[in-house]
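The next block holds one structure in the form of structure tokens; read it before the comments.
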Amino acid sequence: MPRVDYVDTPKFIGTIPNVTVAVGRDAKIKCVVQNLGTYRVAWLRVESKTILTIHQHIITRNYRIGLSHSDDRQWNLHINNAEESDRGGYMCQINTVPMMYQVGYLDVVVPPDISASETSADVTTKENSNATLRCRAKGYPKPKITWRREDGKPIEYGNWQKMKLQKIEPPETYEGETITITKVSRLHSGAYLCIASNGVPPSVSKRILLNVNFPPMIWVPDQLIGAPIGGEALLICNTEAFPSSINYWTKDDENSLVHGAKYEISNIEKTYKVHMTLKIKNLEADDFGTYKCFARNSLGSTEGSIKLYGM
1 MPRVDYVDTP KFIGTIPNVT VAVGRDAKIK CVVQNLGTYR VAWLRVESKT
51 ILTIHQHIIT RNYRIGLSHS DDRQWNLHIN NAEESDRGGY MCQINTVPMM
101 YQVGYLDVVV PPDISASETS ADVTTKENSN ATLRCRAKGY PKPKITWRRE
151 DGKPIEYGNW QKMKLQKIEP PETYEGETIT ITKVSRLHSG AYLCIASNGV
201 PPSVSKRILL NVNFPPMIWV PDQLIGAPIG GEALLICNTE AFPSSINYWT
251 KDDENSLVHG AKYEISNIEK TYKVHMTLKI KNLEADDFGT YKCFARNSLG
301 STEGSIKLYG M
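full-length UniProt numbering puts the first residue of the sequence shown at 1, with every later residue one more than the last.
Here it is, written out as structure tokens:
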């Protein structure tokens, strides 16, 4: 009886690993075959059924597609400078009858990018009106938006006054594309950071400034101050205003006082607050009387009064 030779048919070794790559990077999809013999390996796009390679030849005109192999065993499809359109299934096919194939999937991820046209610029609003901050980002997977205040204070949002009455502590961060603050307060003014992340580095952020406009207010700690002739007197007014106010002092409703040898005037500013001081040196009888501190901005003006008397 004549001898019959049996030739082993090809078979795949393992499965094609799914590959994840960042946009712009190079991807390699591996297909491992045993006993290929005279058969041929081809790579195809699953969705479009486009033939990319046949054995050692690149068929597609896509210049970013490459091919490498070793010992007719490992067949590597290279996708250089990956684009989002490359996302999908790739088939490794052997021309047996019936045809043998495996499919692997390429996922092209995209780092977040904040969309300027859909994100708030700096926001200016009046106190007790509603304020909305928006931040949107593109990327794949869809980015998550996290808000925090630059100064580290908790984020009050929505009906924050009701939450305060219910003694609900505001969070240090807030997730979502939009923050709405009802009846916004000057306490909410400042810089808010919108941070977009999706697990693909780098995360990105944008700084959005919330300006809350309100007319000036003045607090006078001591409205009656006594000092001896020849001594000094320190008068203090505290103001709050936004936009920033023009601040000045007068005596007995006359012209504003000027910094110099007699008067030492200081304004210490912190955000929308100003600590006003007036030091009157080498007191004489004519220095006693009524002093007023003024604060004025585009929304209004106010004043405080301090009476200085001799001791």
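Note that beta-carbon positions come from the ideal geometry of N, C-alpha and C, so glycine has one too.
Helix, strand or coil: how does DSSP classify residue 73 here?
coil
Taking all protein chains shown into account, do 16 or more other C-beta atoms lie within 10 angstroms of the C-beta of residue 304, making it buried, or fewer, making it exposed?
buried
Cut-off 7 Å between Cβ atoms - residues of its own chain near residue 272, not counting five sequence neighbours on either side
186, 189, 240, 241 and 242
C-alpha distance - residue 123 paired with residue 179, whole-angstrom precision:
12 Å
Let's test the definition: count the other Cβ atoms within 10 Å of the Cβ of residue 5 and tell me whether it reaches 16, buried, or not, exposed.
With a pLDDT of only 41 at residue 5, under the threshold of 50, the placement of this residue in the model should not be trusted, and no figure is reported.
Taking 8 Å as the limit between beta carbons, can you name the residues of its chain near residue 281, skipping five residues before and five after?
232, 261, 262, 263 and 264
Closest to residue 142 by CA distance: which of 251, 13 and 111 is it?
111
Might you give, ordered along the chain, the residues of its own chain that have their beta carbon closer than 7 Å to the beta carbon of residue 59, omitting 5 neighbours on each side?
51, 52 and 53
Mind the definition here: the stretch 68 to 76 touches the stretch 27 to 40 only if three or more C-beta pairs lie below 8 Å; say whether that holds.
yes
Could you name each continuous beta strand (DSSP E) segment of 3 residues or more that falls completely within the UniProt domain "Ig-like" (10 to 95), going from the start of the chain to the end?
19 to 22, 27 to 34, 41 to 45, 51 to 54, 65 to 70, 74 to 79 and 88 to 94
Mind checking which residues open and close the alpha helix (DSSP H) that includes residue 161?
160 to 165
Does the Cβ-Cβ distance between residue 106 and residue 212 come in under 9 Å?
no
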